[in-house]
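Okay, so the sequence shown: first residue is 0 according to my numbering, each after it adds one.
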Amino acid sequence: MESKVVIVTGASRGIGLAVAQSLLAASHKVVLVSRSADQLQELKERYPTQVAFLAADMTVADTAWKVTELAVLTFGKIDGVVVNHGMLSPMTRLENASVEEWKKLYDANFFSALALTKEAIPHIRASKGRMVFVSSGAATGAYTSWGAYGSSKAALNSLVRHVAVEEPDVTAVAISPGRVDTDMQKELREKGTEMSKNDYETFSTAFQEGKLIKPEMTGRIIATLVLDARPELSGKYFKWDAAELVEYRES
């Protein structure tokens with residue numbers, strides 16, 4: 000397989016790191032973005048000809064432009080983008096919501112994703128490539144105190160549908176990774192005090208019983224999708240274990 004060039008955001012830990020490692024192991028080139036540089040530098044040292052990275056906050060206005068420019072200047076093209084960065088808090092009931100905190104979350108979970116989409120589309124169109132957006136089951140359901148996070152992920156799913164409608168040469172997919180053993184799950188257990196008792200206990204019990212999904216499992220699926228997602232999947236949202244994704248889980 001010809002080496003492809005993929006941008007991965009939120010790449011220093013969890014799902015993003017697992018995606019990057021899967022792509023690198025398959026000899027692809029990656030452009031990694033994260034606010035923390037340490038893990039990215041380690042990957043650069045291990046794979047010096049396959050990695051470029053930018054330590055930056057995706058909510059800063061020019062970061063999307065910088066990362067696309069870095070990809071093109073370093074590797075000459077962009078074949079794929081994995082939009083993985085985001086945040087969970089604030090976790091409050093609507094009556095206690097801070098509009099300013101919601102705006103910050105939307106900057107992280109939606110508007111920065113829109114900015115990267117805008118910058119990447121001409122390059123992905125040229126390569127007939129793929130974009131994978133890490134969504135959430137909260138995009139289609141609702142948990143008490145998850146209004147900011149869930150609605151931002153619903154907006155992300157809508158963005159994916161609009162990419163598919165406007166860009167027939169770009170395959171865009173949204174995927175819910177399931178309950179993955181990441182720092183976000185730890186944050187949920189620590190800060191989810193306004194969740195309903197039953198909902199909170201399902202997350203807590205899953206952790207205690209070792210039932211959380213390993214980042215490497217979801218990371219491999221996302222890496223496979225950003226390389227090979229079929230065009231007929233474009234515009235759609237899937238849970239990681241959906242029947243439509245069997246071939247990507249087993250590859």
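Every residue gets a Cβ at the ideal spot worked out from N, C-alpha and C, and that includes glycine.
In the displayed model, A147 falls within a helix according to three-state DSSP. For R248, the enclosing alpha helix (DSSP H) starts and ends at 245-249. Annotation: T181 is outside any alpha helix (DSSP H) and is labelled neither H nor E by DSSP. By alpha-carbon distance to T217, the top candidate from S134, K152, A51 is S134. By the neighbour-count definition (other C-beta atoms within 10 Å, threshold 16), E94 is an exposed residue. The DSSP-derived three-state label of T223 is helix. Ranked by Cα distance from R12, the options R34, E246, L232, E166 are led by R34. Excluding five sequence positions before and after S233, the CB atoms of its chain that fall closer than 6 Å to its own CB belong to A163, T170, A171, given in chain order. Under the three-pair Cβ rule at 8 Å, the segment 42-60 counts as touching the segment 23-34. Boundaries of the alpha helix (DSSP H) harbouring F206: 196-207, taken from the DSSP string. Looking at the DSSP output, L53 shares a beta bridge with V32. Between W239 and G177, the CB-CB gap stays under 8 Å.
Fully enclosed alpha helix (DSSP H) runs of no fewer than 4 residues occupy 62-74 of the segment 55-94, in order along the chain. Take L39, set aside five residues on each side of it, and the residues of its chain with a beta-carbon closer than 7 Å to its own are A10, S11, L31, S33, F52, A54, in chain order. For V131, no alpha helix (DSSP H) segment is defined; the enclosing uninterrupted segment is the beta strand (DSSP E) at 129-133.
Distance from the CA atom of G128 to the CA atom of R229, rounded to whole angstroms, is 10 Å. By the criterion of a C-beta distance shorter than 8 Å, K65 is surrounded in its chain by L53, A55, once the five residues flanking it on both sides are discounted. Take the alpha-carbon of T73 and the one of I221: they are about 23 Å apart. As a beta-bridge residue in DSSP terms, F237 pairs with I174. Excluding residues up to 5 positions away in sequence, E166, D168, V169 lie with their Cβ nearer than 7 Å to the Cβ of R124 in the same chain. Short of 8 Å from the beta carbon of E200, and not among the five residues preceding or following it, lies no beta carbon of its own chain. Annotation for T116: the continuous alpha helix (DSSP H) segment containing it runs 111-126.
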